[in-house]
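Asks: Take 352 as the starting number for the sequence shown in my numbering and just add one per residue.
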Amino acid sequence: MSSLGPSPKRAPRTAQEASSALYDIPGPKARARHLGYGIAASLALAALVAWVIYLLIDTGQFSYVKWRPFGYVGIQELLLRGLGNTLKAFALAAVLALALGAVLAAGRLSEHRPVRWVSTVLVEFFRAMPVLVMIFFVFVALEVQPLPALVTGLTLYNGSVLAEVFRSGVLSVDRGQREAAYALGMRKTQVMTYVLVPQAVRAMLPTIISQLVVALKDTSLGFLITYEEFLHAGRLIAINMDYTMPFIPVVIVVSAIYIGLCMLLSWFANWVARRERGNIKNEAVSVGPPEAAPTMPGAHP
352 MSSLGPSPKR APRTAQEASS ALYDIPGPKA RARHLGYGIA ASLALAALVA
402 WVIYLLIDTG QFSYVKWRPF GYVGIQELLL RGLGNTLKAF ALAAVLALAL
452 GAVLAAGRLS EHRPVRWVST VLVEFFRAMP VLVMIFFVFV ALEVQPLPAL
502 VTGLTLYNGS VLAEVFRSGV LSVDRGQREA AYALGMRKTQ VMTYVLVPQA
552 VRAMLPTIIS QLVVALKDTS LGFLITYEEF LHAGRLIAIN MDYTMPFIPV
602 VIVVSAIYIG LCMLLSWFAN WVARRERGNI KNEAVSVGPP EAAPTMPGAH
652 P
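(1) In whole angstroms, what separates the C-alpha of Leu443 from that of Ala401?
(2) What does the alpha-carbon distance come out to for the pair Ser561 and Tyr578?
(3) Given a threshold of 16 other Cβ atoms within 10 Å of its Cβ, counted over all protein chains shown, does Val484 qualify as buried or as exposed?
(4) Measure the alpha-carbon distance for Ala392 versus Arg518 and round it to whole angstroms.
(5) State the Cα-Cα distance for the pair Leu451 and Gly611, rounded to the nearest angstrom.
(6) How many Å lie between Val512 and Glu475 at the Cα?
(7) Exposed or buried, what is Leu547 when buried is set at 16 or more other beta-carbons lying within 10 Å of its beta-carbon?
(8) Closer than 8 Å by C-beta to Leu572: which residues in its own chain qualify, once you throw out the five before and the five after it? Chain order, please.
(9) Nearest-angstrom Cα distance between Phe488 and Arg625?
(10) CB Ala566 to CB Ala456, shorter than 8 Å?
(11) Can you say whether Asn621 is buried or exposed, counting buried as having 16 or more other CB atoms within 10 angstroms of its CB?
(12) Which ranges would you report for the alpha helix (DSSP H) in the region 380 to 430 if only whole runs of at least 4 residues count?
(13) Tell me the rounded alpha-carbon separation between Ser617 and Val623.
(14) Please confirm whether Ala514 and Arg459 have their CB atoms less than 8 Å apart.
(15) Buried or exposed: which applies to Ala701, given that a residue is buried once 16 or more other Cβ atoms fall within 10 Å of its Cβ?
(16) Got a sec, what are the start and stop residues for the alpha helix (DSSP H) Gly378 sits in?
(17) Measure the Cβ-Cβ separation of Phe441 and Thr570 and say whether it is below 8 Å.
(18) Excluding the five sequence neighbours on either side, which residues of its own chain have a C-beta within less than 7 Å of the C-beta of Arg586, listed in chain order?
(19) Leaving out five residues on either side along the sequence, give the residues of the same chain with a beta carbon under 6 Å from the beta carbon of Ala551.
(20) To the nearest angstrom, report how far apart Val403 and Arg526 are at their CA atoms.
(21) So, with DSSP's three-state summary, where would you put Gly536?
(22) Shortest alpha-carbon distance to Phe598 belongs to which of Phe413, Leu394, Ala395, Gly378?
(23) In three-state DSSP terms, what is Gln541?
(24) Using the three-state DSSP reduction, which class does Tyr578 fall into: helix, strand or coil?
(25) Between Met537 and Pro557, what straight-line distance do the alpha-carbon atoms span, to the nearest angstrom?
(26) Assuming Leu422 and Ala584 make a contact with CB atoms under 8 Å, what is their CB distance in whole Å?
(27) Suppose contacts are defined by Cβ-Cβ distances below 8 Å. Is Trp418 in contact with Pro600 by that definition?
(28) Does Ile590 come out as helix, strand or coil in the three-state DSSP assignment?
The following block contains the structure:
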């Protein structure tokens, strides 16, 4: 006799079936269509790149006279000095932004209402303010030197953004972890230090690195307040009339180095993530096979 109630749904047996809970798995025609879209997009992108390269060659942007300045020692020293100043500003801003973000995140997670309100106001204010406005305010109104003004603006903006990243990362940890730690008698500082933060860092790391990449690119705003960073050095070369204004070669060189620095930062983040996953403290503890236990005091299995 058949049951009148609804039959229970079969649980997905494979990962492919589980991943298709929200959409249908594409069939042969759909996969062929997607492959065609991918090939067409790749060809269009290749054609666009070829067209740009053709325009650069046609306008003489790869001629020797435009690239000759980069062989001079003075130009190389100017670029290296600007790159060093860029890395100096980025290193200071990154360290201070991480520290400020941690402090503001701790304030927003505080149980004391005044501390939480003050931290929230600071985070929302500095997140809403444009970076360039803060840099100009510190440089012009407070009459601070270019490097401290640039670092201050980058720190306030990126620190407020990282504060929200830290806070959301800590809150994303399963609530049971926090409750279990408190049940063991740990204080709030111990729970944050030993339980929540180590687990949240793994989820926060990609977003942290993305924000640091933004800080690295925003160091180019320093040339607006006469800070001799990398973009400022490239601009000095490009506007020199003796080199027939090699603007495009300077853009190519500066862009390639900026892209290389961002890729290096991303590689470092992936290396840290792999090292964190391979840490012995994060590995699962092996459990011995089950054994019979005595059922009564004094009895032997």
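All C-beta atoms in this analysis are idealised placements derived from N, C-alpha and C, irrespective of residue type, glycine included.
Replies: With the structure as the only source:
(1) 40 Å
(2) The straight-line gap from Cα to Cα measures roughly 24 Å.
(3) exposed
(4) 39 Å
(5) If I take the Cα positions, the gap works out to 27 Å.
(6) 9 Å
(7) That one is buried.
(8) If we look at Leu572 and ignore the five residues flanking it on each side, its Cβ neighbours are Val482, Leu483, Ile486, Leu501, Gly504.
(9) 41 Å
(10) Their beta carbons are not under 8 Å apart, which means Ala566 does not touch Ala456 by this criterion.
(11) exposed
(12) 415 to 418
(13) Cα atoms of Ser617 and Val623: separation of roughly 10 Å, rounded to the nearest angstrom.
(14) yes
(15) This structure cannot speak to residue 701, because the chain is shown only from 352 to 652.
(16) Neither: Gly378 is in no alpha helix (DSSP H) and is coded neither H nor E.
(17) Taking the C-beta atoms as reference points, Thr570 is found nearer than 8 Å to Phe441.
(18) Phe574
(19) Gly520, Val521, Val524
(20) 53 Å
(21) coil
(22) Phe413
(23) helix
(24) Residue state, collapsed to three classes: coil.
(25) 29 Å
(26) Looking at the sequence shown, residue 422 is not Leu but Gly. Under the criterion of beta carbons closer than 8 Å, Gly422 and Ala584 do not qualify as touching, at roughly 16 Å.
(27) yes
(28) The answer is coil: DSSP assigns Ile590 none of H, G, I, E or B.
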